[in-house]
Structures are given as structure tokens and as C-alpha cells.
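Residue numbers (this note's numbering), protein chains in the order written: chain A, -11 to 105; chain B, 96 to 213.
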Amino acid sequence: AQKITQTQPGMFVQEKEAVTLDCTYDTSDQSYGLFWYKQPSSGEMIFLIYQGSYDEQNATEGRYSLNFQKARKSANLVISASQLGDSAMYFCAMREGISGGYNKLIFGAGTRLAVHP
Amino acid sequence: SAVISQKPSRDICQRGTSLTIQCQVDSQVTMMFWYRQQPGQSLTLIATANQGSEATYESGFVIDKFPISRPNLTFSTLTVSNMSPEDSSIYLCSVEWDRGRIGANVLTFGAGSRLTVL
């Protein structure tokens, strides 16, 4: 079964509007972490935001916020006030079992976001 | 977070040849990770490289095809051996950025090495 599911292969948004990128995950662990990365066309991976499974508040980092719904196992990324430079691939990722040593990061298939002027 | 330099940034290779990708980190790190991103796909972990021990490979990846060296705490190489067009991918080196909170360590990536095999 897919551990991380991103159901939107592509999204577009008008500049200055908000957009939500979906991510659902599958784990039986109680301790896990969720991450979002941005990959522009140049190829580098840029960390955006982190949410721990025990965090009571939704994570925010500038224009990025994570809409964490634990019961639904979803961790959607919300980008407010979209900018042209936000056009990129966005990957959701999860690390399971974070309380017991290192575990690898598992990535979703990604969502390509296009911001239109 | 650490600064990671990878080279080459891109290369075009002939089928059957091998290419070594270098990864240099500006600080000492325990673990270094090598990922592959095939065209239009997500990232897949190839192996974890610890200094002073054999790399740990993920299912589907073998040492003969992807030998890894880790001679010190700031450097690693990944070799893609006997290349075929299916090996055309971006190969990314990464290290953990300790944010001082259990489980919240973030992977920091190099810019990647984009290989095209003809």
C-alpha cells in the first residue's frame, strides 16, 4: 500500500490566491513526522515545513501552513498569496517511528503547481 | 543547515560505462543518503552511507550496481556502474539537519546530478 498519496498530479492557481496541495498518509505508528519539499525546475529539493504527529498546532512557516488532520491521516500544504516563483513540484514525505532511532523519509509522487499571472 | 556540493551537476554517458558522483558537505555528518529520482518520478532512497562501515542498501539496489564510498565524515561518492538508459535519473546526495527535536530532522539535499545515458 502507498505510504504517501498525493492525488493531484497537477494544480494551477492564480497569482496572489491561496492553494491547497493534498497529502494523505498511511501508518500504524503513533510517532511520525510529515514534511513538505519544493522542487523547482532546477532540480534542488527545498524543505518547506514539518509537522510532528504529536504537535497540537498546525505548523506554519511564512506563507506555508500545514493543515494537519490526524484522524483523517491528511497533511495538506496551504500556500497563501501565491507567487510566480512558487511554480514547482511539491513533495509530501513521512518519517515513521521517530521515537526509536533513525528511519528513512518516504516521499509521495508529487504535485506540480503552476502559478498564473 | 549544511551546505552540500555535488558534482558533476549533469553528464551524458554512454551505455555500459560507469560514472562516479561526488558529494561534499561543509560540516561533519554521521549519515549521508543517496537518492534517485527517475524522470517524472518521486525520490527513492538508494542507500545510507556511514563513515567506516559498508553502506546500507534499500530493497532493489545492490552494491555491485551502485558502489558507495564514505572515506570521511564530509565526503561520499556514488558510482553508477555499467549504465543503461534506465539509469537516466537525477541522483541526489543528502544529509540530516538536526533541528534539536526528535524526529524533526530535515533532509538537506545537494543540487543533484542529472545523468542521461544514451
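Every residue, glycine too, gets a C-beta built ideally from N, C-alpha and C.
- Closest by C-alpha distance to Pro162 of chain B, out of B:Leu168, B:Thr169 and B:Thr151, is B:Thr151.
- Pairwise C-beta distances place the region 96 to 104 of chain A in contact with the region 68 to 88 of chain A, as three or more of them are shorter than 8 angstroms.
- The criterion of a C-beta distance shorter than 8 angstroms is not satisfied by Val201 of chain B and Val120 of chain B.
- Distance from the Cα of Leu22 of chain A is smallest, within the candidate group A:Val1, A:Tyr42 and A:Ser68, for A:Tyr42.
- With a contact defined as Cβ atoms closer than 8 angstroms, Met82 of chain A and Tyr13 of chain A qualify at about 5 angstroms.
- For chain A, the residues of the region 160 to 185 of chain B that bring a beta carbon within less than 7 angstroms of one of its beta carbons are Ile185, in chain order.
- Within 10 angstroms of the beta-carbon of Gln101 of chain B lie 16 or more other beta-carbons, which makes it buried.
- Look at the region 99 to 136 of chain B and you find these whole runs of beta strand (DSSP E), each 3 residues long or longer: 99 to 102, 105 to 108, 114 to 120 and 126 to 132.
- According to the DSSP assignment, Gln(-6) of chain A belongs to no beta strand (DSSP E), since it is labelled neither H nor E.
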